[in-house]
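Chemist:
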Amino acid sequence: MRRDQVNMWWRFAVALLVILIVTFPVYWLFSMAFKTPDEIFSFPPVWFPGSFYIDNFKTMWRTDDLVPVWNSIIIASISTVISLGLGTICAYSMARFRTGGDNFAIWVLSQRMLPPIAIVFPLFLAYAFLGWVDTWHGMILVYTAFNLPFVIWMMRGYIQDVPVELEESSLVDGCTRWQSLIRVVLPMSRTGLFATGVFTFIFTWNEFAFAFVLTRDGVLTFPVHVSHYFGALSTYWGKVGVISLIATLPVFFTVAFLQRYIVRGMSMGALKG
Amino acid sequence: MTIATDFGSRGGILAERNLKYVLIAPAVFIILLIGLYPILHSLVVSFQDVSALFENYDFVGFMNYSRLFGDERLWYAMLHTLVITAIALPIELVLGLLMAQLFLDKMPFRQVMVALAIIPSVLSPVVVGAGWRLMFDDRYGPINAVIRLLFNERFSLPWVVDPIAVYPALLITEVWQWTPFMFLMLYAALSNVDQSLEEAAKIDGAGYWSIFFKIALPAIWPVMAIALIIRALDLVRIFDIVWVLTRGGPGTFTETISIYLYQRGFRQFETSYTAAMVFVIVIVLSVLVIWCLRRMEMTGAKSR
Numbered sequence: 011m012r013r014d015q016v017n018m019w020w021r022f023a024v025a026l027l028v029i030l031i032v033t034f035p036v037y038w039l040f041s042m043a044f045k046t047p048d049e050i051f052s053f054p055p056v057w058f059p060g061s062f063y064i065d066n067f068k069t070m071w072r073t074d075d076l077v078p079v080w081n082s083i084i085i086a087s088i089s090t091v092i093s094l095g096l097g098t099i100c101a102y103s104m105a106r107f108r109t110g111g112d113n114f115a116i117w118v119l120s121q122r123m124l125p126p127i128a129i130v131f132p133l134f135l136a137y138a139f140l141g142w143v144d145t146w147h148g149m150i151l152v153y154t155a156f157n158l159p160f161v162i163w164m165m166r167g168y169i170q171d172v173p174v175e176l177e178e179s180s181l182v183d184g185c186t187r188w189q190s191l192i193r194v195v196l197p198m199s200r201t202g203l204f205a206t207g208v209f210t211f212i213f214t215w216n217e218f219a220f221a222f223v224l225t226r227d228g229v230l231t232f233p234v235h236v237s238h239y240f241g242a243l244s245t246y247w248g249k250v251g252v253i254s255l256i257a258t259l260p261v262f263f264t265v266a267f268l269q270r271y272i273v274r275g276m277s278m279g280a281l282k283g
Numbered sequence: 252m253t254i255a256t257d258f259g260s261r262g263g264i265l266a267e268r269n270l271k272y273v274l275i276a277p278a279v280f281i282i283l284l285i286g287l288y289p290i291l292h293s294l295v296v297s298f299q300d301v302s303a304l305f306e307n308y309d310f311v312g313f314m315n316y317s318r319l320f321g322d323e324r325l326w327y328a329m330l331h332t333l334v335i336t337a338i339a340l341p342i343e344l345v346l347g348l349l350m351a352q353l354f355l356d357k358m359p360f361r362q363v364m365v366a367l368a369i370i371p372s373v374l375s376p377v378v379v380g381a382g383w384r385l386m387f388d389d390r391y392g393p394i395n396a397v398i399r400l401l402f403n404e405r406f407s408l409p410w411v412v413d414p415i416a417v418y419p420a421l422l423i424t425e426v427w428q429w430t431p432f433m434f435l436m437l438y439a440a441l442s443n444v445d446q447s448l449e450e451a452a453k454i455d456g457a458g459y460w461s462i463f464f465k466i467a468l469p470a471i472w473p474v475m476a477i478a479l480i481i482r483a484l485d486l487v488r489i490f491d492i493v494w495v496l497t498r499g500g501p502g503t504f505t506e507t508i509s510i511y512l513y514q515r516g517f518r519q520f521e522t523s524y525t526a527a528m529v530f531v532i533v534i535v536l537s538v539l540v541i542w543c544l545r546r547m548e549m550t551g552a553k554s555r
């Protein structure tokens, strides 16, 4: 074998080890979903589930334990759609007319970087006063506001990449601004829009602090529900495994399939000013 | 970049000169509602004396603010946050760089492995915390089991409870979740570095490290700076991982700023005092964030 080929196999071996370290904790958590209670609490640990045990899934299905996943789907989808819509038109205005200038752009992004717990404390007081705690519109509003800065920042970069000439010619052809936005700018930046949408959804899907404070049991999201399984005395590891598995697999597949978009979206969106 | 055309001729609210403000209005309204209103509200409340025990809406001056300076728990919370940030950030950077270098050259199943490698960063921190609580369990956890197997068969360390091990446990979890993010950013940046430059340097006899420091590192610096800023700001507000793993315990030993705010505001209901803390923290962080973003704009602008 040639020298750099030997080299490659060495690197391959190291890479496998890295992947093992990265994926093992995930495997371990998911394996809980298929383990019997005896296997979960066995000493020494059982490395592989002994049988294909699905009682955990059945129990979760019978009780209301999967409702929070459904709540998460609704809240994350609706707030993603709203923030994409409002954020894109805002970004369009900023990209094409330089509305507000750089200071406005920086202020918008800075809103995203504040600690959720600090924001949510006064917000909770306001929500309690308005009776919005634990309501759909309350949660959707919070997440829309939380995601808007990110959408605006990303979309501003993507829209700046759309050649102005194309849009000008559509305007000359008699399109209104709205028509040219919908027929020219959006199709041209659809990759960016798509990547931004995926990110926004994942952020909302995974978010804990806002939901932890602002929900009770009406619109409980799945991360908060998972945190409730940690009892002082015992933890329902089987249930934690099942809900983590169900709530995580869709994200896995999205990321695996969209790897290219995501890599580009992450580095490019961040770099565009 | 403004297009000067005559499409505002119809007049009214959708006229060209108004349109740009109409377009940003809904987004700005929502951001102000959720972002700015709470800050103003906490400013007002912080000058009152409201708590679970009694509600005094009179102006009490800077009472709550002067209390901040004597609050040892707050200073410790800041110290804990700083320690976590100062240790986790460089480790994530170095490991992320090494991983990016590792996956940069051709190898079998590279695509699949990169996809697997970024899994931790797209998981919910609560799920990650759950997974690592299991990993660290003193009896049923795999980590102690492996140590028992290799070194000492009586070994039994309750990682997330024992003061000796609790910081390593938090840091391992944090680094495990976010190194892949660093890796992905740097991997994308390194893939875009001009190969011909590196080839030329190699022919001129430059070593591996000098190529890395003189060619690759300057080229990826803008992306690296952004990744570092994003991670630093995330680490300063760290909440979920710590909450799921330790709840700030044992005692207040791992209490971060966010956890402390939560405890004061939602467990002890010291509304006014928490509001004062929120106000100070938001102002300090805003200044910091805006300064960082300006720097980022500048590096970003230079790289284009």
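Residue numbers (our numbering), protein chains in the order written: chain L, 11 to 283; chain H, 252 to 555.
C-beta: ideal position from N, C-alpha, C; glycine also.
Bear in mind that the values here come from a model prediction, so they are computed numbers and not experimental data.
1. Pick from H:Arg498, H:Pro469, H:Trp383, H:Val363: whose alpha carbon is nearest that of L:Ala266?
2. Flag this pair as yes or no: are the beta carbons of L:Tyr168 and L:Ser199 separated by less than 8 Å?
3. Does DSSP put H:Asn403 in a helix, a strand or coil?
4. Cβ atoms of L:Ile253 and L:Met70: under 8 Å apart, would you say?
5. How would you list, in chain order, the residues of chain H whose beta-carbon sits under 9 Å from the beta-carbon of L:Phe44?
6. Exposed or buried, which one is H:Leu544 when buried takes at least 16 other CB atoms within 10 Å?
7. Under three-state DSSP, which class holds L:Thr210?
8. Determine whether the Cβ of L:Trp247 lies closer than 8 Å to any Cβ atom of chain H.
9. Is the distance from the Cβ of L:Thr214 to the Cβ of L:Val161 below 8 Å?
10. Does any CB atom of chain L fall closer than 8 Å to the CB of H:Tyr308?
11. Closest Cβ-Cβ distance between H:Thr525 and chain L: below 8 Å?
12. Helix, strand or coil: which one does DSSP assign to L:Asp14?
13. For H:Val417 versus H:Val411, is the C-beta distance shorter than 8 Å?
14. If L:Thr154 and H:Ile281 are in contact, beta carbons under 8 Å, what's the gap, nearest whole angstrom?
15. Roughly how far, in whole angstroms, is the beta-carbon of L:Leu255 from the beta-carbon of L:Ala43, given that I think they are within contact range, below 8 Å?
16. Please state whether DSSP places H:Gly259 in a helix, a strand or coil.
17. State the beta-bridge partners of H:Asp300 as determined by DSSP.
18. So with Cβ pairs under 8 Å, would you call H:Arg482 a contact of chain L?
19. Between the Cα of H:Ile532 and the Cα atoms of L:Arg166, L:Ser180, L:Pro125, L:Pro233, which residue gives the shortest distance?
20. May I ask you to report which of helix, strand or coil DSSP gives L:Phe240?
21. Relative to the C-alpha of H:Tyr391, which candidate in H:Ala420, H:Ser407, H:Leu353, H:Tyr513 has its C-alpha closest?
22. Along the stretch 525 to 549 of chain H, where does the CB come closer than 7 Å to a CB of chain L? Name the residues.
23. Starting from L:Cys100, trace the alpha helix (DSSP H) in both directions and tell me its first and last residue.
24. Is it true that the CB of H:Met350 sits closer than 8 Å to the CB of H:Ala368?
25. Do the stretch 305 to 315 of chain H and the stretch 144 to 151 of chain L meet, that is, are 3 or more Cβ pairs less than 8 Å apart?
26. So what does DSSP say about H:Thr430, is it helix, strand or coil?
27. Counting only beta-carbon atoms, is L:Gly97 nearer than 8 Å to chain H?
28. Does the Cβ of L:Asn157 have 16 or more other Cβ atoms within 10 Å, making it buried, or fewer, making it exposed?
29. Name the chain H residues whose beta carbon is nearer than 8 Å to that of L:Phe211?
30. Kindly indicate if chain L contains any beta-carbon less than 8 Å away from that of H:Asp300.
Modeler: In brief:
1. Taking the first sequence and counting its residues from 1, the one referred to as residue 266 of chain L is at position 256. Closest option to L:Ala266, Cα to Cα, is H:Val363.
2. If you number the first sequence from 1, residue 168 of chain L lands on position 158. If you number the first sequence from 1, residue 199 of chain L lands on position 189. Against a cut-off of 8 Å, the Cβ pair of L:Ser199 and L:Tyr168 comes out as a contact.
3. By 1-based counting over the second sequence, the position of residue 403 of chain H is 152. If DSSP states are grouped into helix, strand and coil, H:Asn403 belongs with coil.
4. In the first sequence, counting from the first residue as 1, residue 70 of chain L sits at position 60. In the first sequence, counting from the first residue as 1, residue 253 of chain L sits at position 243. Yes, Cβ-Cβ distance for L:Met70 and L:Ile253 is below 8 Å.
5. Taking the first residue of the first sequence as position 1, residue 44 of chain L is located at position 34. Correct list: empty, because the minimum Cβ distance to chain H is about 14 Å.
6. Your numbering for residue 544 of chain H matches position 293 in the second sequence. By the neighbour-count rule (16 or more Cβ atoms within 10 Å), H:Leu544 is buried.
7. Here residue 210 of chain L is taken as the residue at index 200 of the first sequence, counted from 1. Three-state result, L:Thr210: helix.
8. As a first step, residue 247 of chain L is located in the first sequence; it is residue number 237 there, counting from the start. At least one chain H Cβ lies under 8 Å of L:Trp247.
9. In the first sequence, counting from the first residue as 1, residue 214 of chain L sits at position 204. In the first sequence, counting from the first residue as 1, residue 161 of chain L sits at position 151. Not closer than 8 Å, so no.
10. Reading the second sequence from its first residue, position 57 is the one you call residue 308 of chain H. Answer no: the Cβ-Cβ gap between H:Tyr308 and chain L never drops below 8 Å.
11. On the second sequence, position 274 is the one that residue 525 of chain H refers to. Interface residue, yes.
12. Within the first sequence, numbered from 1, the residue matching residue 14 of chain L stands at position 4. Helix at L:Asp14.
13. By one-based count along the second sequence, residue 417 of chain H stands at place 166. By one-based count along the second sequence, residue 411 of chain H stands at place 160. Cβ atoms of H:Val417 and H:Val411: closer than 8 Å.
14. As a first step, residue 154 of chain L must be located in the first sequence, where it is residue number 144. As a first step, residue 281 of chain H must be located in the second sequence, where it is residue number 30. A Cβ-Cβ separation of about 6 Å places L:Thr154 in contact with H:Ile281 under the 8 Å criterion.
15. For the purposes of this step, residue 255 of chain L is taken as residue 245 along the first sequence, with counting starting at 1. For the purposes of this step, residue 43 of chain L is taken as residue 33 along the first sequence, with counting starting at 1. Sure, about 5 Å apart at Cβ, within 8 Å.
16. Within the second sequence, numbered from 1, the residue matching residue 259 of chain H stands at position 8. Because H:Gly259 carries a pLDDT of 42, less than 50, the predicted location of this residue cannot be relied on, and no value is offered for it.
17. Residue mapping note: residue 300 of chain H aligns to position 49 of the second sequence, counting from 1. Answer is H:Asn307, bridged to H:Asp300.
18. Reading the second sequence from its first residue, position 231 is the one you call residue 482 of chain H. No, because no Cβ of chain L sits closer than 8 Å to the Cβ of H:Arg482.
19. If you number the second sequence from 1, residue 532 of chain H lands on position 281. Of the candidates L:Arg166, L:Ser180, L:Pro125, L:Pro233, the residue whose Cα lies closest to the Cα of H:Ile532 is L:Pro125.
20. Residue mapping note: residue 240 of chain L aligns to position 230 of the first sequence, counting from 1. Strand.
21. Numbered from 1 along the second sequence, position 140 holds the residue referred to as residue 391 of chain H. When each option's Cα is compared against that of H:Tyr391, the closest is H:Ser407.
22. Thr525, Ala526, Val529, Ile532, Val533, Leu536, Ser537, Val540, Ile541, Leu544, Arg545, Glu548: these are the residues of the stretch 525 to 549 of chain H whose beta carbon lies less than 7 Å from some beta carbon of chain L, given in chain order.
23. Residue numbering aside, residue 100 of chain L sits at position 90 when the first sequence is read from its first letter. That run of the alpha helix (DSSP H) goes 77 to 107.
24. The residue labelled residue 368 of chain H in the question sits at position 117 within the second sequence. The residue labelled residue 350 of chain H in the question sits at position 99 within the second sequence. Closer than 8 Å, so yes.
25. no
26. Mapped onto the second sequence, residue 430 of chain H falls at position 179. Correct three-state label for H:Thr430: helix.
27. On the first sequence, residue 97 of chain L is found 87 positions in, with the first residue counted as 1. Contact with chain H is found for L:Gly97, since one of that chain's Cβ atoms lies less than 8 Å from the residue's Cβ.
28. By one-based count along the first sequence, residue 157 of chain L stands at place 147. So L:Asn157 ends up on the buried side.
29. For the purposes of this step, residue 211 of chain L is taken as the residue at position 201 of the first sequence. By Cβ distance, chain H contributes nothing, its closest Cβ being about 11 Å from L:Phe211, past 8 Å.
30. Position 49 of the second sequence holds residue 300 of chain H. Cβ-Cβ to chain L under 8 Å: no for H:Asp300.
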